[in-house]
Amino acid sequence: MARLAYLGTPDLAVPPLRALAGAGHDLALCVTRPDRRRGRGAHVTPSPVKEAATELGITVTHDMDDVAAAGVELAVVVAYGRIIPARLLAQVPMVNLHFSLLPRWRGAAPVERAILAGDHETGVCLMKVEEGLDTGPVYAVRSLPLDDDVTLASLRERLVALGSSLLVDTLATGVSGLPEPVPQQGQATIADKITKEDLHLDWAGHAVQLKRVVRLGRAWTTFRGKRVTVLEADVGEVPGDAGALPPGTLLGSAVATGDATFVLRQVQPESRSPMSADEWLRGVRPGTGERLGTD
11 MARLAYLGTP DLAVPPLRAL AGAGHDLALC VTRPDRRRGR GAHVTPSPVK
61 EAATELGITV THDMDDVAAA GVELAVVVAY GRIIPARLLA QVPMVNLHFS
111 LLPRWRGAAP VERAILAGDH ETGVCLMKVE EGLDTGPVYA VRSLPLDDDV
161 TLASLRERLV ALGSSLLVDT LATGVSGLPE PVPQQGQATI ADKITKEDLH
211 LDWAGHAVQL KRVVRLGRAW TTFRGKRVTV LEADVGEVPG DAGALPPGTL
261 LGSAVATGDA TFVLRQVQPE SRSPMSADEW LRGVRPGTGE RLGTD
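According to this note's numbering, the stretch in the sequence shown is residues 11 to 305, in order.
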């Protein structure tokens with residue numbers, strides 16, 4: 011077992027932390043982002059990793075420089091959210107659990123970008139942390155297949171479980187048991203953060219691509235000037251002469267797109283709770299030729 015520091019912040023970084031603690035490693039320190047102020051009041055909320063570390067009895071800090079004085083053999087980084095400076099890397103060796111098959115999808119949103127690109131495979135890598143953005147050599151990797159239906163939430167859950175197992179197995183014999191890392195090979199791609207525009211449904215596009223956007227969980231369009239979030243949908247066919255209709259035209263619960271129909275299953279109108287698409291349509295009663303995505 012090893013004496014470790016752990017750097018992480020969001021929900022997805024909690025299971026690897028718990029897995030390391032459960033495997034018997036000495037977690038000397040946990041570094042996470044500062045508590046965030048939420049809402050209009052003065053209430054602040056700790057990060058999910060801070061809450062878990064406190065429950066586990068691990069010392070928590072918001073200053074990554076504290077790692078240098080913690081006397082650890084290795085620091086494990088999982089979705090920490092900050093760049094590690096070179097001066098700290100020179101003092102403490104670090105590994106990063108990254109949720110893609112490097113060098114594909116280096117950066118902030120690897121899981122989302124794999125879905126949007128229609129990748130057929132993804133996975134997790136345990137790599138050495140270097141100054142560059144996810145450029146370090148890889149100690150271990152595990153992969154899993156991707157289908158056209160898996161949602162972002164489901165895929166993240168599977169990758170986190172896979173990564174937690176990989177991390178524990180790779181460190182099972184301590185830091186001295188780490189294999190020699192292998193340089194990344196292949197064409198690098200960058201996983202930029204997902205923006206509001208990435209989640210905007212472009213009805214002139216292909217229905218398959220629209221479904222990929224919906225699978226991320228926050229896809230949106232507009233109807234009569236108000237936002238509608240599309241929570242579930244399926245690729246359909248072109249009934250009759252629907253292919254000649256302007257993109258976004260409503261055909262019952264189906265929507266005309268650039269190449270097929272897109273069937274709405276569940277939506278959330280602005281300032282309302284999620285509901286079935288049929289229930290929403292019964293309420294708004296779209297007229298003949300009315301379209302989504304027009305103000």
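Cβ coordinates follow ideal geometry from the N, Cα and C atoms, glycine included.
Bear in mind the structure is a predicted one, so any value in this text is a computation, not a measurement.
Burial state of Val54 is exposed, judged by a 10 Å Cβ sphere holding fewer than 16 other Cβ atoms. DSSP places Gly187 within a helical segment (H, G or I) once states are collapsed to three. The straight-line gap separating the alpha-carbon atoms of Ala12 and Ala78 is approximately 16 Å.
Between Val238 and Pro279, the C-beta gap is smaller than 8 Å, which places the two residues in contact. Secondary structure note for Lys236: its beta strand (DSSP E) is the uninterrupted segment 236–245. Under the DSSP assignment, Glu280 falls outside any alpha helix (DSSP H); it carries neither an H nor an E label.
The alpha-carbon of Ala31 is positioned some 33 Å away from that of Ala198. Nearest C-alpha to Gly128 among Leu22, Leu156, Leu209, Pro25: Leu156.
A contact between stretches requires three or more CB pairs, one per stretch, nearer than 8 Å, and the region 162–179 fails this requirement with the region 208–216. Burial check for Leu143: the Cβ neighbour count within 10 Å stays below 16, so the residue is exposed.
In the structure shown, the three-state DSSP call for Lys138 is strand.
With a 10 Å radius around the Cβ and a threshold of 16 neighbouring Cβ atoms, Pro120 comes out buried.
In the same chain as Val192, and ignoring 5 residues on each side of it, the C-beta atoms closer than 6 Å to its own belong to Pro147, Val148, in chain order. For Ser153, no alpha helix (DSSP H) encloses it; the enclosing beta strand (DSSP E) starts and ends at 148–155. With 16 or more other Cβ atoms from the protein chains shown falling within 10 Å of its own Cβ, His108 counts as buried.
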